[in-house]
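Student: For reference, the structure I am asking about is given below.
Protein chains: 2
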Amino acid sequence: MARFAPAVAKLISELGRLPGIGGKTAQRLAFHLLSVPEKNALSLAEAIVAARQKIKMCSVCSNLTQTDPCEICSSTTRDRSIICVVENPRDVAAIERMRDYNGLYHVLHGVLSPSDGIGPDKIKLQELIRRLQEHQEVEEIILAMNPSVEGEATALYIARLLKMSGLKTTRPAHGIPMGGDLEYADEITLARAFSGRSQI
Amino acid sequence: MARFAPAVAKLISELGRLPGIGGKTAQRLAFHLLSVPEKNALSLAEAIVAARQKIKMCSVCSNLTQTDPCEICSSTTRDRSIICVVENPRDVAAIERMRDYNGLYHVLHGVLSPSDGIGPDKIKLQELIRRLQEHQEVEEIILAMNPSVEGEATALYIARLLKMSGLKTTRPAHGIPMGGDLEYADEITLARAFSGRSQI
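Listed below in structure tokens is the structure:
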């Protein structure tokens with residue numbers, strides 16, 4: 000006989016498609032959703048539908064937003080002379096969490112990765128170039144891609160593209176994380192920390 | 000400003016209520032659901048709604064099922080003289096997976112746990128007693144509760160309840176798991192393995 004009723008099997012398979020959710024976890028989640036009060040299970044379903052209906056990309060910065068332009072792009076207190084370019088909306092959330100950056104953002108929704116067939120036209124790069132042409136008040140571009148091979152390559156590619164524009168392009172510093180231990184830092188991080196040393 | 004748009008925050012909080020899903024994972028899942036094709040995200044929402052609508056408890060064995068009585072209870076090829084009592088529907092799935100048991104099941108949906116206020120009336124125990132009175136063909140009850148303190152106590156409680164009925168009540172063997180190492184087995188498991196030793 001089938002191990003699970005069809006509707007349960009379908010739920011397990013849908014949950015198993017989420018990233019980081021394996022077969023056993025999908026089973027546990029499915030039975031959890033079947034054992035909680037019906038209201039709680041349905042409110043998850045509703046939240047998924049509502050998020051997909053309401054959340055769009057901001058027409059200016061491509062961040063996910065419920066209003067267009069997004070809250071950050073339409074804010075009057077933000078510094079419009081700096082744009083921080085990031086890979087995805089989660090990076091915006093992380094940077095906002097530090098409460099130390101008051102400029103604007105541009106979300107690429109990916110990084111250049113030729114081996115995966117992701118070229119400059121697959122990420123929101125054209126949108127960035129157009130935005131810079133339309134908004135002459137921008138003075139600095141922070142390239143805050145992740146320090147991965149693809150992230151570094153994308154930052155370098157954008158830096159070259161912007162070379163002629165006269166814009167200041169910067170990268171956040173790499174180094175030993177706060178609370179980290181010199182002894183356990185990998186060689187590349189340590190080398191970056193040394194080459195980026197500053198006078199105290 | 001708010002870190003996430005309201006619909007995203009709501010989705011993250013709903014996902015974070017699932018067992019084993021912390022804040023960071025909920026965020027990752029939410030952004031995943033916003034980045035995949037809309038169809039894929041909605042089919043998860045639909046699977047949740049469909050499962051809650053279609054899946055009920057079997058009126059005979061209390062297992063989760065799409066038909067009533069469930070496939071196992073209504074099967075003509077199963078041995079109706081044995082009932083295996085388990086804590087929850089996942090245990091039924093695990094036992095079915097071994098393809099070695101051909102009897103019926105009874106799902107308690109919990110174990111006795113006085114400290115959590117779970118007494119005999121909070122689990123499907125009355126249903127088991129009634130079922131045994133109505134179905135005189137039952138000869139053996141396998142008490143397959145998990146070998147936890149509560150599981151053992153529940154098995155003992157049911158065994159005492161059934162003492163007068165003349166039914167054979169059994170417990171699956173405890174011992175060293177296949178592929179396990181004597182050296183690493185805990186004392187209680189080892190003691191159980193020795194007291195349950197059999198002649199070869």
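Top to bottom, those sequences are chains A and B. Using numbering that gives the first Met the number 0, read the first sequence as starting at 0 and increasing by one per residue. Using numbering that gives the first Met the number 0, read the second sequence as starting at 0 and increasing by one per residue. Just so it is clear, CB atoms sit at the ideal spot from N, CA and C, and this is done for glycine as well. Since we're looking at a predicted model, the values are computed, not measured.
#1: Show which residues of chain B have a CB atom less than 9 Å away from the CB atom of Arg89 of chain A.
#2: If you draw a straight line from the C-alpha of Arg191 of chain B to the C-alpha of Asp185 of chain B, how long is it?
#3: So which residues on chain A does Ser42 of chain B lean against when the C-beta distance must stay under 8 Å?
#4: Using a Cβ-Cβ cutoff of less than 8 Å, which residues in the same chain neighbour Gly118 of chain B once the five nearest sequence positions on both sides are dropped?
#5: Return the residues of the region 115 to 143 of chain A that lie within a Cβ-Cβ distance of less than 8 Å from chain B, sorted by chain order.
#6: Which residue spans inside the region 103 to 175 of chain A form an unbroken alpha helix (DSSP H) run of at least 4?
#7: If you pair each beta-carbon of the region 11 to 20 of chain B with each one of the region 70 to 84 of chain A, do three or more pairs fall below 8 Å?
#8: Which residues, taken in chain order from the region 41 to 67 of chain A, show a beta carbon closer than 7 Å to some beta carbon of chain B?
#9: Our contact map puts Arg79 of chain A next to Leu103 of chain A with C-beta atoms below 8 Å; I'd like the distance itself, whole angstroms only.
#10: Which bits of chain E does Pro18 of chain A rub up against, with CB to CB less than 8 Å?
#11: Say whether chain B places a C-beta atom closer than 8 Å to the C-beta of Pro113 of chain A.
#12: What did DSSP end up calling Met0 of chain B once you bin it into helix, strand or coil?
#13: Let me know if Asn101 of chain B comes out buried or exposed under the rule of 16 or more other beta-carbons within 10 Å of its beta-carbon.
#14: Closest to Pro113 of chain A by CA distance: which of A:Gln65, A:Tyr156, A:Ile82, A:Ser197 is it?
#15: What does Val7 of chain A reach in chain B if we use C-beta pairs closer than 7 Å?
#16: With DSSP as the reference, label Leu17 of chain B as helix, strand or coil.
#17: Rounding to the nearest angstrom, what Cα-Cα distance links Lys121 of chain B and Leu33 of chain A in this structure?
#18: For His105 of chain A, count neighbouring C-beta atoms within 10 Å of its own C-beta (all shown protein chains included) and say buried if the count is 16 or more, exposed if not.
#19: What alpha helix (DSSP H) runs, 4 residues minimum, are completely inside the region 3 to 58 of chain B?
Tutor: According to the data block:
#1: Gln26, Arg27, Phe30
#2: 10 Å
#3: Glu13
#4: Leu111
#5: none
#6: 124 to 133, 148 to 160
#7: no
#8: Leu41, Ser42, Leu43, Ala44, Ala46, Ile47, Val48, Ala49, Ala50, Arg51, Lys53, Ile54, Leu63, Thr64, Gln65
#9: 6 Å
#10: In the structure shown, chain E cannot be found, because the protein chains are A and B.
#11: no
#12: Any answer about Met0 of chain B is weak, because its pLDDT of 44 lies below 50 and its placement is not dependable; what the coordinates show is given next. Of the three classes helix, strand and coil, the one that applies to Met0 of chain B here is coil, per DSSP.
#13: exposed
#14: A:Tyr156
#15: Ala50, Ile54, Leu63
#16: coil
#17: 17 Å
#18: buried
#19: 5 to 14, 22 to 34, 37 to 53
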